[in-house]
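Position 116 (the sequence shown) corresponds to 118 in the numbering used here; numbering is contiguous.
The C-beta atom is built at its ideal place from N, Cα and C for all residues, glycine as well.
A quick note: this is a predicted structure, and the numbers were derived from the prediction, not measured.
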Amino acid sequence: MARFAAVNAPGSAIHPPARTDAPVERFLDYNHSLACIHCGLCLASCPTYLETGNENDSPRGRIYLMRAVQDGRLPLGDTAVRHMDLCLGCRACEAVCPSGVPYGELLEHARHHIAKHYRRSVFATLLRRVAIEKVFPFPRRMKLALLPVKVLRALRAEKLLPRFARDALSLVPDDATQVELPEFSPAPASSRGRVGFVSGCVMSVLFGETNANSVRLLNRAGWEVVTPPTQVCDQSRLHSANSGGFEKGGREHRSLRAARSGRHHHQRRRLRLHAQGVWAVASRRPGVGGARKKVQRQGQGPHRGPCRR
């Protein structure tokens, strides 16, 4: 109970200091943020809250922090930023929210605000840029990047690294596995239909067994699964990390541009899946679907036609 009680202590992030007189930039849609009724139904679906037990690491706690920062009641310091950084952006909370709070949108705008007004160390900034832009979208580079991680863990030398690097390493699973998925996985009994499966660039390297389990689960449920052998990264991590801004030339802008640049590939893949009788497209990576839907809302996305997502 101690870890839960500490959250409600006076002066904690949930009980921020009094409002300051400094001008505050408006970055939140208040109608969306106030739609949260703090019912707590999101808690059981939030992986970071289940791991830490900290209210500030829950969706409703983060929304409270966002409003506190916007209102000037909480400085944009290390504590608030860390709670935002810990969010995986999986948006599992949106599926169970009775009020329909668009948590993903709120998080994107909060991270954009952090990118503009919070100064990270040079090392942290460089590591984020290299990892997010130059490593994550490329599975082969991901495999190479895991080699020094394994060496550091074998030597137990993580403590020699800066805190940000240690936090980043802690996110890499000890049992990272890559599993080659077959292009076609038949249902064991009578088939209910056929679905396509998007493996994801990061998921395929770090959580290959999870992808394989997902395909097996779909098969057990009676679905035939088609996994395209060649898949292009849509750089949805740039949405979730959002370390550059919405303005033209910023990373948010470039992530949308990168997603659109692969639209011919995705159109060909969609048509190929449709020709094989695919009824829906599934993925274990929520960011992939979120990025695709965002591009579609911009009116330039490749997802048009009979395939459901």
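Checklist entry - In whole angstroms, what separates the C-alpha of Thr-179 from that of Met-86? => result Cα to Cα, the separation comes out at about 28 Å.
Next on the checklist: Using C-beta distances below 6 Å, list every residue in its chain close to Val-83, excluding the 5 sequence neighbours before and after it, in chain order.
Outcome noted: Ile-116 and Tyr-120
Item to check | Span of the beta strand (DSSP E) around Arg-196 | outcome: 195-200
Checklist entry - What alpha helix (DSSP H) runs, 4 residues minimum, are completely inside the region 144-221? => result 165-172 and 203-208
Checklist entry - Is the region 161-169 touching the region 183-198, taking contact as three or more C-beta pairs under 8 Å? => result no
Next on the checklist: For His-330 and Gly-55, what's the separation of their Cα atoms in angstroms?
Outcome noted: Since the first and last residues shown for the chain are 3 and 311, residue 330 lies out of range.
Next on the checklist: Please give the ranges of any alpha helix (DSSP H) in the region 27-112, keeping only runs that are unbroken, at least 4 residues long and fully inside the region.
Outcome noted: 32-35, 49-54, 61-72, 80-88 and 94-98
Checklist entry - Helix, strand or coil: how does DSSP classify Ala-282 here? => result strand
Next on the checklist: Measuring alpha carbon to alpha carbon, tell me which residue in Arg-286, Pro-61 and Cys-48 is nearest His-34.
Outcome noted: Pro-61
Checklist entry - Where does the unbroken alpha helix (DSSP H) through Val-137 begin, and where does it stop? => result Element bounds for Val-137: n/a, residue is neither H nor E.
Next on the checklist: For Ala-191 and Val-181, I'd like the C-alpha separation in whole angstroms.
Outcome noted: 24 Å
Next on the checklist: Quick check on the burial criterion: 16 or more other C-beta atoms within 10 angstroms. Buried or exposed for Leu-258?
Outcome noted: Legend: pLDDT at Leu-258 = 48, less than 50; position of this residue unreliable, no value from coordinates given.
Checklist entry - Given that a residue counts as buried once 16 or more other Cβ atoms are within 10 Å of its Cβ, and exposed if not, what is Ala-112? => result buried
Checklist entry - When burial is assigned at 16 or more other CB atoms within 10 Å of the CB, is Ser-206 buried or exposed? => result Note on Ser-206: 16 or more other CB atoms within 10 angstroms of its CB, so buried under the neighbour-count rule.
Checklist entry - So Val-228 is in the beta strand (DSSP E); what residue range does that whole segment cover? => result 225-228
Next on the checklist: For Lys-136, count the other beta carbons within 10 Å of its own beta carbon; 16 or more makes it buried, fewer makes it exposed. Which is it?
Outcome noted: By the 10 Å Cβ count, Lys-136 comes out exposed.
Next on the checklist: Between Asp-31, Ser-201 and Leu-154, which has its C-alpha nearest Val-217's C-alpha?
Outcome noted: Selected option, being the one with the closest Cα: Ser-201.
Checklist entry - Any idea if Ala-70 is buried or exposed, counting beta-carbon neighbours within 10 angstroms, 16 or more meaning buried? => result buried
Checklist entry - Where Arg-131 and Cys-48 are concerned, what is the direct C-alpha to C-alpha distance, given to the nearest angstrom? => result 26 Å
Checklist entry - Which residue comes first and which comes last in the alpha helix (DSSP H) that contains Gln-122? => result First, the residue type needs correcting, since residue 122 is Arg and not Gln in the sequence shown. Segment: none, Arg-122 is in no alpha helix (DSSP H) and carries neither H nor E.
Checklist entry - Using the rule of at least 16 other Cβ atoms within 10 Å of the residue's Cβ for burial, across every protein chain shown, is Tyr-51 buried or exposed? => result buried
Next on the checklist: Applying the 10 Å Cβ sphere with the 16-neighbour rule, what's the burial state of Ile-65?
Outcome noted: buried
Checklist entry - Does the Cβ of Arg-253 have 16 or more other Cβ atoms within 10 Å, making it buried, or fewer, making it exposed? => result Here the model assigns Arg-253 a pLDDT of 49, short of 50, so the residue's position is not dependable, and the following value carries that caveat. With 16 or more Cβ atoms within 10 Å of its Cβ, Arg-253 is classed as buried.
Checklist entry - Anyone know if the C-beta pair for Arg-286 and Asn-213 falls short of 8 Å? => result yes
Next on the checklist: If distances are taken between C-alpha atoms only, which option among Pro-104, Ala-284, Leu-146 and Asp-73 comes closest to Cys-44?
Outcome noted: Measuring from the Cα of Cys-44, the nearest candidate turns out to be Pro-104.
Checklist entry - Does the ligand MN have a heavy atom nearer than 7 Å to the CB of Ala-284? => result As presented, the structure is devoid of all ligands, the ligand MN included, so that no description of it is given.
Checklist entry - Excluding sequence positions up to five away, which residues of its chain have a Cβ less than 8 Å from the Cβ of Phe-125? => result Pro-164, Phe-166 and Ala-167
Next on the checklist: Checking 8 Å against the spacing of the C-beta atoms, do Ser-123 and Cys-38 come in under that value?
Outcome noted: no
Item to check | C-beta contact flag for Leu-162 and Thr-229 at 8 Å | outcome: no
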